[in-house]
Every structure is written in C-alpha cells, then in structure tokens.
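Heads up: the structure comes next, in structure tokens.
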Amino acid sequence: PQALPFLTGLVDRYVDAGVKLHGLYSDEMHIQQDWHYFSHHDHGEFAVRYVTPALGARFAELYGEQYRDFAKWLVYFTYGQEDFVGDLGATAGAGHVWGETPEAVADTALFRARYYRLLQDTVVDLFTEAKHHAEARVGHRLEARAHATWAQSPTIDRWDTLGEPPQRHQYEYTSNFVWSNTVQQAASACSDYFKWGDYLTGNGNDHAEGGWLDRNYYGLALACSLGIINELPYAYGAHWGMPGELHRRRQAVADAYGVGSSTVHGLVQNMQHRDVDVLMLYPLNLVASEERFGSWMTQYGYANLITQEKLAALGEVRDGAIHLAGRKFTTLAALFEPFPSERLLAMMRDLVAQGGRVVWSGPPPVRTWEGGDARGPWQDLMGADFNPRIDGGLVAPGKTVAFEGVLGNVPPQAVLTHFLVDRVHPLVPRAESAVAARLLNDVVGVHRTHPGDGQTLALGMRPRDDQSASLGQDVATWFHVLRSLGAYSPTNAFPDHNDQTEHLSRTGPHLACRFPNGAISIAPHLRNVVEDWPGGFARNAAEDQAYLARVPPPSERLELADFRVNGRRVTYAGDGTVSFRTAADGMLESFAGRNTAGITIEGVETRLADQPLAQLAFGPVPGDRRVEGGALFLILAQGAGTVRVPTAGLPPRATLWTEGPKPGSRGTAVASRREGETLVFEAGDTQGRLVYVVAEP
C-alpha cells in the first residue's frame, strides 16, 4: 500500500528540485532477479515466489478468504520435489494438486495462473500509475522504450546439447529440452510483454540475442504484435551476437517486417508493422500448467500474437473479423489456452457466427478463467466432445498424426515428445462436424462449418511449424492447416496464383510483407543458416571468418522477375530488402532499395539512377509530420551517379537541401532540375546525407 506514495513522492522530489525528466529507465523491468538463469534452483526447481500480506489480502478479495494466509498455498507451486518417494518418481515432474479429478488438477493450475497474473498486473499498474503522475507533473509524455524481460523464451531456455552451440536446438521441443526460464520471469512479474506495454511507450523484444538468429521469425512477429497496441505503435525486434555478415542479413528481414527497420524502409512503410490476417493467442498460462515449459508452443512468424486478456480489453468482433488496434484478423487460433475467459469464448462464438474462423489446438479446456465450466461451451462451439484426463493427455512420442477431410492436403506430422506440450487429446465429433485428423485409432481433429460459413477446427495436438528445418526438414503444419481453411486467400488479381504475402513467404525463397498504407516489402529469406558461433556482444573477427568460410551465408541478392505479390507484378534487382508503394494511378510513390538503380511495377520501369547506388530511397513526408516551410519529400541517394525521382505529389517549384548537423535542420543546397515528370540531381552532391525537398515560396 505504501509503494505508490513512495514512487509519486520520489517523482515529486525530482521535479520540485528542478530536475527535467525526458524519459524513464524501462529496460528489463522486474521485481528482483539476475542473469544467472539456471543457478537459483533448489534441487532442480526454481523455487522463488514473492508473497506479501498485501498480495495475500488482494488475492483473498478476488478469489476467497481462504487465501489470505497465502504463504501456505505455495506448496502448490512445488514441482519434482518428492524426495522421500522410494521409486523413480522422486524427481519426476509432479506436484501437489487439489484432488484426484481433472477439474481439481485444472483448479490447481488456475490458482497458479491467477497468482502470476495478480503479481504481474500489480507491479505493472503500480509503475504505470507512477509514470502517469510524473507525466502530469512535467507536462509531457515520458518515453519508456525497451523490453519487459531480460531472458526471452526460447532464447534463454535450456536444452542439453553436450557442448554444441545451443542456439541451433532452440526451435523445437525435443527430448533434450530441459527447462524454460519463463517460470523465473513469471515469478519476477515480467513474463507478460503485452501487459508491460501499459507502461512502456515503445515495447519490443530481444529474442534474437546471444547468437540465436530466430530463423522462424518468431521474435519479429512478436514485435509486430506488441507494436500495434503500444502507446507509440511501433516496436523493435533486436538482434545481436552473430557475425556481421549475418547481422546485416537479419536486419534485411527486420526491415521487411517493419520492425525497428531502417529509416529508409520506415519512410515507405510509414513506420508501421506488416499486416497479417491470422491472430494467435499467446500461451501465457503454459507455465502455470507445468513450470518447466516456456511461453511458446510453436515459433510461427506469419501471424500476430495477443494474450486473451488484451484481446478481451482491446478487441471487438464485427463484420466477420476481430478488429484490434486498427488491424483486422479473420482467423483466431489458440495455441495452449487452458483457462479461456467467458469473454474469449463469447468472442469466438461471435467471430464464427459472422463467418470468421477459430482454430483451437492443444488441450480442450475444463475451467474458464472465472472458475466456471469451460467444457460445455467449448464443446458446443467446436462441435466435438472430449473426456478430460487427470494426466494432461495421451503420450504419443514418435507417432504420426494423419489429416483428412478439409485438412486432406496437410502432410502427416510426427509427435516429437511425451511432454505436456505434445500430449494428445482424443475428440468425439458431433453429428454436425467432420473428422479432420487422426492418431492411430483416435480422432484428434474435428472441423465444423457453421451457419454463415464460419468455421471451427479443434486439434487435440500441437501443430508444429519450423521453417528453419532445425531437425532436418521443413515442417509446416500450422501453415498448411490455416491455408486449408482459407486463412491465406489471394487477392484474385492473378488467375491460378496465390499472391498473398504470407503464402508467398512460407512457400518461396523470399519474405514478402504488406503494410496498412499499401507498401510492399520483399527480402531474401534467412532461415537455413545453422548457428555455430560464439554469441557474445564483442566479436572475434578470426572466429567469425572461420565460421563464414565453413558455412557460407546465403546471398543477399534479391532478383525478382515478374514476381506477383499482393496484386502487383514486380521486376527488381538489388541487395537486401526492397520496399515500394504506388499511388492510386499505379505510379511509384515511395521506394527504398540497396545496390539498385530502379524497379519495374506492372510492366512500367522506373529508372531511378543511371547506375546502381549503394542506397536509394525516397518518399513523401506524411501530412501529420509536415511543418510550415518544412520538407514535403525525403530522399537518400548514397553513391555516385545521376538520380531521377518521380515528381508526383511535388509542388511545381522545389529546392533540395541536405540535412544539417542537427536532425531536422537544413544543411547545404543541392542543385537540381526538372526533366518532364522527374526531379534530377547528382548523388555525389548530397554527400550521402538525407535530402529534404522543400517548396519554394
């Protein structure tokens, strides 16, 4: 109770002393932990939990007076601690539960999930309220850009690799998976990135750190997901700990996603994140079900993520789609959601009733978040019945799931482990539903078409998706399932060709992304590199060169010949990422590329330079960023040669100025001339600096 007065009083002391505040430290917020991820474990278990009388009192107010003396309830957090059992179960992954029924087991896990949420929400709300107090005192927004946790999952999860670089193993739950760090983050009030967005003005993540390359683009998808609901709707997905050659290639992928992208691509994309049609529920409560597991089920980069709490608070269903933060999603998928809220189930019903799609994977739910029955409403929605089990599902390592019916084109998928995440849940289809998947004699997939053409799909298993082919093959179950349901539909601009960006990305050699303002970005994929280097900040040039000689990196060259994407035909040659946007008349309006001289769209070539330039970009300044007498257009031309920029949208008379030593200031004038519909100048005259195009009085 004294925490908020302490924080606001601290702020007041600074402000009253005349200290000018422009931002708040916000990186890796947590209660109290450190960077020793796996050395605070009592007999192999991370046993630290934070409890105060105030927390116990609040938990009692919410969930029952019996919890006021909360410390004694911590026994239900123990895991693998049956030391005095005289058999092989002494250190097995077992814990205390409230009874011998599936409902009692679910209630125990729900108790843990509620503790983690209350802890997290209390801490975040405390700092958010204190920040708002500070902003009221100083009279402006205080920037707080960073990421919530210092130990991402799967980046800092533990696999037993026997001395091999661990990064190459961090794409799948395999038998050598040992432990996730997520329980440490949950116990430190920093596992929920989405909740920490209430405090952070610019949320983000460091998933691709310590040498892990995130070749499934999971961290980039998470950054996009955080960004759209940020106070400042732009997040980052950082990367470090790899050779410079790969750092540059990874940045190209980030540029294509619009995640912390370079200025030139942000100019074309209007500093927004890429658009997708599929929304997946972030599996926040996996750690409450079994604490050794992380905050991921499958690392899938072609969807956005959201917690059910934030979806309920910020989303609404209308016109057959979920509308969230200005974006629209026609498909909602659950990855591991043991305690759906009543609001979530209602949104799922509404989405299907309006013609949308709901896919449920993993264990069918027994309890709602509110503590009521989830089984009945879930069965009615999915058109499938199930018998809950006390053991979390059938173990089926090495067995194969075969798909049929609406999923008949989905390749079979092997079940990798006996872990909780890979448990199988038999289903019984109702009369209105059809079988969609089987494992031996058990039905594990049920599809239902609802009135109004909405669809539900229940999958009692974990669909895998690993474009990195970390186990030797590209498994694309999630993609094939979603495609089979129509989630990745083409624009229909080209007969017999699916030009949808996620479809192209998951099936071809290029990553393609589309943006709310109509921009398109394309980059070479970075998914087949094998991590085999030290992951530190400082780089050893000799070690990095030895790796590059042993495993040559993929080419940065991007060669497109009549590439059909999002309703456009594109021909282009350059390095790294290309971003472009066309006006309503089809003319090129904005562009960014590297080692290139131009682009051809819909058969119309726009020759931007007489020879390839190291960097070439241009685009209009958005109306909400313009100031009187300021720039209307921005250009960057690095290299030597004559540059020709389309003049669409420019005033009849304009002058060019390099950016001065202070961002936003004018430097030196750049000679230019008009030739028809182009503005012509010499790249060498710009000194490689950003150029402002300003209207003459």
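Using our numbering, read the sequence shown as starting at -14 and increasing by one per residue. From the three backbone atoms N, C-alpha and C, an ideal C-beta is built for every residue, glycine too. These numbers were taken from a predicted model, which means no experiment stands behind them.
Where does residue i land, buried or exposed, given buried means 16+ other C-beta within 10 angstroms?
i	result
A359	buried
W345	buried
W20	exposed
T37	exposed
N255	buried
N394	exposed
V628	buried
G430	buried
P(-10)	exposed
A461	buried
T86	exposed
H28	exposed
E688	Coverage of the chain is limited to positions -14 through 682, which leaves residue 688 absent and any answer about it impossible.
T315	buried
E644	buried
E50	exposed
P637	exposed
S474	exposed
I16	exposed
Assuming residue i and residue j are in contact, meaning their beta carbons sit under 8 Å apart, how far apart are those beta carbons, in whole angstroms?
i	j	result
G520	G196	2 Å
Q687	G626	Absent from the structure is residue 687, since the part of the chain shown begins at -14 and ends at 682.
L111	A(-12)	6 Å
E216	T186	5 Å
V386	P396	10 Å between Cβ atoms; not a contact.
H7	E128	7 Å
P228	R524	7 Å
Do residue i and residue j have their C-beta atoms within less than 7 Å of each other?
i	j	result
Y242	L205	yes
A497	V563	no
T585	T556	yes
G368	R415	yes
S165	L290	no
Q293	L317	no
A171	Y101	yes
E574	T567	yes
A273	R97	yes
H432	L442	yes
V406	F278	yes
T632	E662	yes
G226	E194	yes
A45	R34	no
S469	L366	no
A381	L412	no
V606	L617	yes
P684	F321	The requested residue 684 does not occur in the structure, where the chain is confined to residues -14 to 682.
S657	L641	yes
For residue i, which option in the options has the closest C-alpha, if you only look at C-alpha atoms?
i	options	result
R352	G341, V343 and Q364	Q364
L252	D262, D240, E88 and G340	D240
G493	T476, F479, N513 and G229	N513
V589	S453, R553 and D1	R553
A639	E516, Y677, T476 and P436	Y677
A94	N270, L598, V400 and Q452	N270
Q623	Q254, A599 and V606	A599
L621	F576, G357, G649 and A508	F576
P501	N190, R126 and I213	I213
T18	V168, R579 and V238	This sequence places Gln at residue 18; Thr is not what is there. Taking only the C-alpha atoms, the option nearest Q18 is V168.
P82	T63, R200, D12 and R122	Here the sequence assigns Val to residue 82, which means Pro is not the residue at that position. Comparing Cα positions, the closest option is T63.
G361	L330, L379 and V400	L330
A422	G390, Q452 and G439	G390
G41	A32, F31, A56 and E30	A56
D560	S453, V238 and L207	V238
V697	V302, G65 and D106	Residue 697 is absent from the structure shown; the chain starts at -14 and stops at 682.
R143	P(-14), G578, Y22 and E13	Y22
H308	F324, V261 and P323	V261
R447	G80, F404, Y473 and A220	F404
L207	R(-2), R234 and G245	G245
N161	A174, S173 and L147	L147
Does the beta carbon of residue i come closer than 7 Å to any beta carbon on chain D?
i	result
R408	Among the chains in the structure shown there is no chain D, since it carries only a single protein chain.
Entirely enclosed alpha helix (DSSP H) segments - the region 111 to 187, minimum 4 residues: If we require 4 residues or more, the alpha helix (DSSP H) runs fully inside the region 111 to 187 come out as 167 to 172 and 178 to 181.
Length-filtered (4 minimum) alpha helix (DSSP H) runs lying within the region 592 to 656: Segments of the alpha helix (DSSP H) lying fully in the region 592 to 656: there are none.
Mind listing, in chain order, the continuous alpha helix (DSSP H) runs of no fewer than 4 residues lying wholly within the region 447 to 473? If we require 4 residues or more, the alpha helix (DSSP H) runs fully inside the region 447 to 473 come out as 462 to 469.
Just list the alpha helix (DSSP H) runs in the region 226 to 313, keeping only unbroken ones of 4 residues or longer that don't cross its boundaries, in chain order. Given a length threshold of 4 residues, each whole run of the alpha helix (DSSP H) inside the region 226 to 313 is given here in chain order: 229 to 242, 248 to 254, 271 to 274 and 293 to 299.
Ordered list of alpha helix (DSSP H) runs contained in the region 483 to 527, each at least 4 residues: Within the region 483 to 527, the complete alpha helix (DSSP H) runs of at least 4 residues are 486 to 492.
I'd like the ranges of any beta strand (DSSP E) spanning at least 3 consecutive residues and lying wholly in the region 356 to 431. You should have 385 to 388 and 418 to 424.
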